[in-house]
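**Student:**
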Amino acid sequence: MKRIGDVLTDAGLLTHAQLQDALEYSRKHGLKMGEALIEMGLISESELLQCLSKQLGIAILPDKEITVDPSLVHEIPYPLAKKYNIIPLYIQNGKLVVVTSDPLNIAIVDELENRTKKPVSLILASSKKIAVAIEQYFSGTEHISQTLKQVQQIEDENLLSRIDVKDADINDTPVVKFVNQMLEKAVQEKASDIHIEIDTVDFHIRFRIDGILQTMFRPKPQLHPLIISRLKVMSRMDVSEHRISQDGRIKIKIESEFVDFRVATVPCMHGEKMVIRVLNQGPKFLQLSELGFEKSNLKRLELLITRKHGLVLVSGQTGSGKTTTMYSILRVLNREGVNIITLEDPVEIQLALLNQIQVNPKVDLTFANGLRSILRMDPDVIMVGEIRDSETAKLAINASMTGHLVLSTIHTGVAAEVPVRLMEMGVEPYLVANTLIGAIAQRLVRINCQTCREPEETPVQFMGKTKIDFKSFRGKGCPACNRTGYRGRTCIAEVLPIDSEIRQLFLRQSDYEQIHQSAVAAGMVPILDSGLEKVRAGLTSFEELARVI
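To convert, take the position in the sequence shown, counting from 1, and add 1242; that gives my numbering.
1. Check Glu1384 in the structure and name its three-state DSSP category.
2. By a C-beta neighbour count over all protein chains shown, 10 Å radius and 16 as the cutoff for buried, is Pro1242 buried or exposed?
3. Measure from the alpha carbon of Ala1373 to the alpha carbon of each residue in Pro1321, Gly1579 and Thr1457, then state which is nearest.
4. How many Å lie between Ile1280 and Arg1688 at the Cα?
5. So, helix, strand or coil for Pro1661, using DSSP?
6. For the region 1545-1559 and the region 1452-1463, state whether three or more C-beta atom pairs, one from each stretch, are separated by less than 8 Å.
7. Taking one C-beta from the region 1528-1537 and one from the region 1507-1518 each time, how about it: are there three or more such pairs within less than 8 Å?
8. Which runs of the beta strand (DSSP E) spanning at least 3 residues fall entirely within the region 1507-1538, listed in chain order?
9. In the DSSP output, what is Phe1712 paired with across the bridge?
10. Taking a contact to mean a Cβ-Cβ separation below 8 Å, would you say Leu1521 touches Pro1588 in this structure?
11. Look up Ser1760 in the DSSP assignment and say whether it is helix, strand or coil.
12. Can you name the start and end residues of the beta strand (DSSP E) that Arg1450 belongs to?
13. Runs of 4 residues minimum, wholly inside the region 1269-1329: which ones carry the alpha helix (DSSP H) assignment?
14. Among residues of its own chain, excluding the 5 on either side of Glu1426, which ones have a beta-carbon nearer than 7 Å to its beta-carbon?
15. So what does Asn1602 bridge to, in DSSP terms?
16. First and last residue of the beta strand (DSSP E) that includes Ala1735?
17. Helix, strand or coil for Gln1559 per DSSP?
18. Are there 16 or more other CB atoms within 10 angstroms of the CB of Pro1361, so buried, or fewer, so exposed?
19. Note down the Cα distance separating Gly1513 from Val1421, rounded to an integer number of angstroms.
20. Check for me: the beta strand (DSSP E) holding Ile1496 runs from which residue to which?
21. Where Gly1706 and Ala1788 are concerned, what is the direct C-alpha to C-alpha distance, given to the nearest angstrom?
22. On the CB-based measure, 16 or more other CB atoms within 10 Å of its CB, does Lys1718 come out buried or exposed?
23. For the alpha helix (DSSP H) holding Pro1416, just list the boundary residues, first then last.
24. Round the Cβ separation of Met1275 and Ser1268 to the nearest angstrom and send it over; I've been treating them as touching at under 8 Å.
25. What three-state label does DSSP hand Leu1649 in the structure shown?
26. So who's on the other strand from Leu1553, going by DSSP bridges?
27. When the distance is taken between beta carbons, is Ile1547 closer than 8 Å to Leu1585?
28. Can you tell me where the beta strand (DSSP E) with His1437 in it begins and where it stops?
29. To the nearest angstrom, report how far apart Phe1712 and Val1702 are at their CA atoms.
30. So, for Gly1524: in the same chain, excluding its five sequence neighbours on each side, which residues have a beta-carbon less than 8 Å away from its beta-carbon?
31. Could you give the residue range of the beta strand (DSSP E) that holds Thr1565?
32. Are the C-beta atoms of His1646 and some chain C residue less than 8 Å apart?
33. According to DSSP, is Asp1252 part of a helix, a strand, or is it coil?
34. For Phe1445, I'd like the list of residues in its chain whose CB is within less than 6 Å of its CB, leaving aside the five on either flank, ordered along the chain.
Below, the structure written as structure tokens:
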């Protein structure tokens, strides 16, 4: 292997005199040869990387920015990454690929292989790029990484047994610190859920951000019971019970605001799985116009909620933004002179002037029983969190018939399926025709990152649409979007007002295809077309639209 100085002179980038000057400069200032040459201005870092690549046979990372698999960030501790200016990139053929600007430091490879227990492969990039990536991926997580490192050092089972995770006042112990910082990090990242799970190979903690699960931490497996137990204490569960499912809640102050967490556990083969729903998060007071509805859909929705009585149902999958839409509607209706009562499980956002009731099956306060009580409270508007069964559906229908505007959610795919679902629940077709005034079906699509958005190849046809005549875009991944290519979400939807012709279809018990075709003929924008408009506007990609549709 030639020395770097000889390679540079052979390539005609340095003279022998310049090489001697650089040797002297490096000795005098304690610099590596490459650093000395760059500092003296004799070569650029790009030229240096090209020579290192040629000398060592190591590839140069071609991307403008370094894109890191977030699940691998904690394979290398922050202090080590900072010291050697390295960061893990991805796993390829069983090897951990690490980005470096100094491949001649063989000791780095040995240390990494001993630490990660994986063979390490190097790839080259500029030191500035690596430094930026390190700060981006470790930004805001250095303190939590340090805490996790302290927790990881707890290996002795006797020591584990002496740590009393039931003591709520042990705020200085590593486990308690880690749990608190993990919850804080979830809020900062705007995660909707935290998944804590263990299998035969790994213990990992994942955050659901913009609807997608991302691995954030990989603690040692023996720490699983400690972290689970601490969270059980915080959510007032039975710490000693591991054989049955449990539910609880946590309320803590983060960045001067109280945040609620809904906690649920379930016993699995290799240990308990815990999912923590982060409440009081996201858009609390969005205007309807800010949710993403197209103008025609928005106009239809605004007309629906001016009605004094009737049933309006919002449908969609779990996590499709139904609750946000409902609260945005309530925000419009919430004014002096209107009595609004909600029945929810759980109460996710607290609003002034609203009477919000929390469902509690333990005392027989179900949706059905709660709805019976609400009708005696002289309401103008009733919001029921979800129509889950036949009894609740019939009570909601009766409430809307007696002069109340009733809002609720239901699980169906498209708006035309909503009346069909009600009839399947046992509601008579004439009651559906007389009370249902509107149905909304919606999904959430991720928004292209505006920092790294670039044109993508547009398909010739897409889900039956053959005339795709516009340019589409896709985020390629950058530090601003955590390398996902997306940042934030918006709504795609279809709004179906019920007119006399569609009511006749209900009475004839027509299937949802006939109802859908009639609605489209009357001017309803199908949810697929709503999504294509978002793609046309460059807000999302065909790939993302296909994922949610």
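Glycine included, each C-beta is placed from N, C-alpha and C at the ideal position.
**Tutor:** Let me spell this out:
1. In this prediction, Glu1384 has a pLDDT of 48, which is less than 50 and means its spatial position is unreliable; nothing more can be read from the coordinates.
2. Past the edges of the chain, shown from 1243 to 1791, lies residue 1242, and the structure says nothing about it.
3. Pro1321
4. 42 Å
5. helix
6. no
7. no
8. 1513-1520
9. Bridge partners of Phe1712: none, in fact.
10. yes
11. helix
12. Phe1445 to Ile1451
13. 1275-1281, 1287-1298 and 1320-1326
14. Ile1496
15. Leu1607
16. Tyr1728 to Pro1739
17. coil
18. exposed
19. 18 Å
20. Gln1488 to Ile1496
21. 12 Å
22. buried
23. Pro1416 to Gln1430
24. 5 Å
25. strand
26. Val1648 and Leu1678
27. no
28. Asp1435 to Ile1440
29. 10 Å
30. Since pLDDT at Gly1524 reaches only 47, below the 50 mark, its modelled position is unreliable, and no value is offered.
31. Run containing Thr1565: none in the beta strand (DSSP E); it sits in the alpha helix (DSSP H), Lys1564 to Leu1575.
32. Judged by its chain identifiers, the structure shown contains no chain C, having just a single protein chain.
33. helix
34. Pro1461, Pro1463 and His1466
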